[in-house]
Structure formats: structure tokens, C-alpha cells
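Residue numbers (this note's numbering): 2 to 242. Worksheet for the structure shown next.
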């Protein structure tokens with residue numbers, strides 16, 4: 002059952018792209034972008050909601066670049082998963098040092114001297130204690146995207162929904178960067194998103210949410226306060242359910 006809080010607000014899983022930490026270029030770590038994202042997460046928690054964050058690693062490396070680099074796909078995905086661990090460590094320590102936030106970092110791939118191994122029961126306990134839980138390492142397996150990871154972890158942690166924090170304000174009928182008259186959808190159902198090959202998430206992630214009645218809200222995290230408004234139940238971005 003979705004968590005409705007234990008004296009706290011609802012519990013959400015936020016999928017945070019690695020590119021959002023890399024500034025305009027979406028590459029590496031941009032201090033200003035990092036600070037902005039950290040402040041937005043802190044603001045979203047201020048109302049008492051319980052938040053878990055699955056962080057991507059695309060600002061460092063993507064597993065689907067294996068052909069470009071002429072390396073094995075499994076090895077490429079492992080590098081991508083390690084990239085998410087780097088982002089997780091940086092996010093945890095920035096929040097602790099700059100926002101005095103209680104955080105807990107877990108990884109699905111073992112990095113024993115650096116990160117705690119992921120266990121759903123421990124992550125749920127940290128959420129109930131008011132910690133912002135950061136989840137790195139993807140699923141720990143190749144061929145799974147961090148979008149699919151986010152939906153899986155949301156189910157494991159009994160979250161009320163998934164919030165996909167991107168750099169675009171929702172889902173549009175065409176590319177808004179190419180077409181000025183692009184129209185944003187306020188709501189889509191999963192079958193429509195899958196049949197139209199809406200690229201904001203992969204099909205496996207959509208199907209997992211559809212089959213388990215888990216909603217996804219897509220929003221632009223670069224808009225100040227957007228994340229907090231979504232956590233409060235405001236209609237921002239696009240809701241897929």
C-alpha cells in the first residue's frame with residue numbers, strides 16, 4: 002500500500018537525472034546547478050513529506066554509449082551505475098553540509114567502504130525517521146534504466162507516486178524545443194504513453210507503473226518551487242496514470 006505518512010506527509014520517489022546536476026551542458030558537475038537541486042529537494046521536504054531520490058548518472062556516462070565507445074554493454078552499464086554512485090555521494094554530502102539535512106545513501110551495487118548496501122527495509126526505516134533517502138547504483142543489473150529503477154524502488158518503498166524531475170515542463174505532443182506551438186498534456190494514461198512511444202520514460206518503466214497502479218508526474222525541476230508544488234499535490238507538469 003502507498004504510504005500516507007506516519008504523522009508525516011505522503012512518500013514520493015523522485016527520479017533525478019544526472020544531467021540536472023550538470024548545468025546547461027548537462028555534463029559533469031555544475032556547482033550552481035547542484036546547489037539549486039539541493040535547495041529544491043530541501044524545500045520539497047519542508048512540508049513533512051518523505052522523499053526518496055533515485056539519481057541518474059548521465060552527466061558522467063551512459064551505458065547505451067557502449068557501441069560508440071566500442072565496449073561491452075554490460076561493462077558500459079556498470080560504469081553508468083558507478084556514475085550514479087558518484088552523484089549520490091556528492092548529493093548526500095552537499096545536503097548534509099549546506100542544508101543540515103538528514104540523509105541516507107544506499108547503493109544497489111556493493112561499494113562497501115563508501116556506501117551502504119541497499120535493503121528496502123532499511124530504506125523504509127530511514128524514510129520514516131525523516132531522512133532524505135538517496136538511491137544509487139541503478140537496479141544493480143545491466144540493461145535496466147534508472148527510470149525503471151525509480152519505478153521499482155517506489156513500489157518497494159511503498160511510495161504514493163513517482164516524480165520525474167527533468168528539464169522540460171511535462172510531456173508535449175511534439176518537441177517543444179523544435180516547435181513553438183507544442184501543446185503540453187496535463188494527463189496521459191499509461192497505455193497511451195506506451196502506444197505513442199512517449200520518450201520521457203522507457204516502456205518497461207511505464208508498464209511496471211501501469212500494472213501496479215503507480216502514477217508518474219513529469220515536471221521541470223529548473224522552475225523554482227516546482228518540486229515542492231508537486232509533492233503538495235499541485236497540478237504541475239504532466240500526470241501519467
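Each residue gets a CB set at the ideal place from its N, CA and C atoms; glycine is no exception.
Restricting to Cα atoms, I'd like to know which of 46, 92, 75 and 153 is closest to residue 1. For the chain, the structure presents residues 2 to 242; residue 1 sits outside this window and is missing.
What beta strand (DSSP E) runs, 3 residues minimum, are completely inside the stretch 108-162? Runs of the beta strand (DSSP E) spanning 3 or more residues and lying entirely within the stretch 108-162 occur at 133-137, in chain order.
Would you mind stating whether residue 242 and residue 216 have Cβ atoms separated by less than 7 Å? For this step, residue 242 is matched to residue 241 along the chain shown. For this step, residue 216 is matched to residue 215 along the chain shown. Closer than 7 Å, so yes.
Whole-Å CB distance - residue 62 paired with residue 38, under 8 Å assumed: Translated into positions along the chain shown, residue 62 becomes position 61. Translated into positions along the chain shown, residue 38 becomes position 37. The C-beta separation of residue 62 from residue 38 comes to about 19 Å, leaving the pair out of contact by the 8 Å criterion.
Is residue 26 helix, strand or coil by DSSP? The residue you call residue 26 lines up with position 25 of the chain shown. Note: residue 26 maps to helix in three-state DSSP.
Give me the Cα-Cα distance between residue 201 and residue 101, rounded to the nearest whole angstrom. Walking along the chain shown from the start, residue 201 turns up at place 200. Walking along the chain shown from the start, residue 101 turns up at place 100. About 33 Å.
Please determine, among 230, 229 and 74, the residue with the shortest C-alpha to C-alpha distance to residue 145. As a position in the chain shown, residue 145 is number 144, starting the count at 1. Per the Cα distances, 74.
Determine the contact status of residue 169 and residue 221, defining contact as a CB-CB distance below 7 Å. Translated into positions along the chain shown, residue 169 becomes position 168. Translated into positions along the chain shown, residue 221 becomes position 220. Remark: C-beta atoms of residue 169 and residue 221 approach each other more closely than 7 Å.
What is the DSSP secondary structure of residue 104, reduced to helix, strand or coil? As a position in the chain shown, residue 104 is number 103, starting the count at 1. DSSP places residue 104 within a strand segment (E or B) once states are collapsed to three.
8 Å Cβ shell around residue 140 - same chain, five flanking residues per side excluded: As a working note, residue 140 is residue 139 in the chain shown. Annotation for residue 140: 109, 149, 150 and 153 place their beta carbon closer than 8 Å to its own, counting only its chain and skipping 5 residues before and after.
Between the alpha carbons of residue 2 and residue 71, how many angstroms are there, rounded? By one-based count along the chain shown, residue 2 stands at place 1. By one-based count along the chain shown, residue 71 stands at place 70. In this prediction, residue 2 has a pLDDT of 44, which is less than 50 and means its spatial position is unreliable; nothing more can be read from the coordinates.
Alpha carbon of residue 111 to alpha carbon of residue 230, nearest angstrom: Within the chain shown, the letter at position 110 stands for residue 111. Within the chain shown, the letter at position 229 stands for residue 230. Going from the Cα of residue 111 to the Cα of residue 230 covers about 35 Å.
Using a 10 Å radius around the Cβ and a threshold of 16 neighbouring Cβ atoms, would you call residue 25 buried or exposed? The sequence position of residue 25 within the chain shown is 24, counting from 1. So residue 25 ends up on the exposed side.
Determine the extent of the beta strand (DSSP E) in which residue 239 is found, giving its start and end residues. Translated into positions along the chain shown, residue 239 becomes position 238. Taken as a continuous stretch (DSSP letters only), the beta strand (DSSP E) holding residue 239 covers 239-241.
I'd like the span of the alpha helix (DSSP H) that includes residue 42, first residue to last. Reading the chain shown from its first residue, position 41 is the one you call residue 42. Residue range 32-46 is occupied by the alpha helix (DSSP H) that includes residue 42.
Taking the beta strand (DSSP E) that residue 217 belongs to, which residues open and close that run? As a working mapping, residue 217 is identified with position 216 in the chain shown. That run of the beta strand (DSSP E) goes 217-221.
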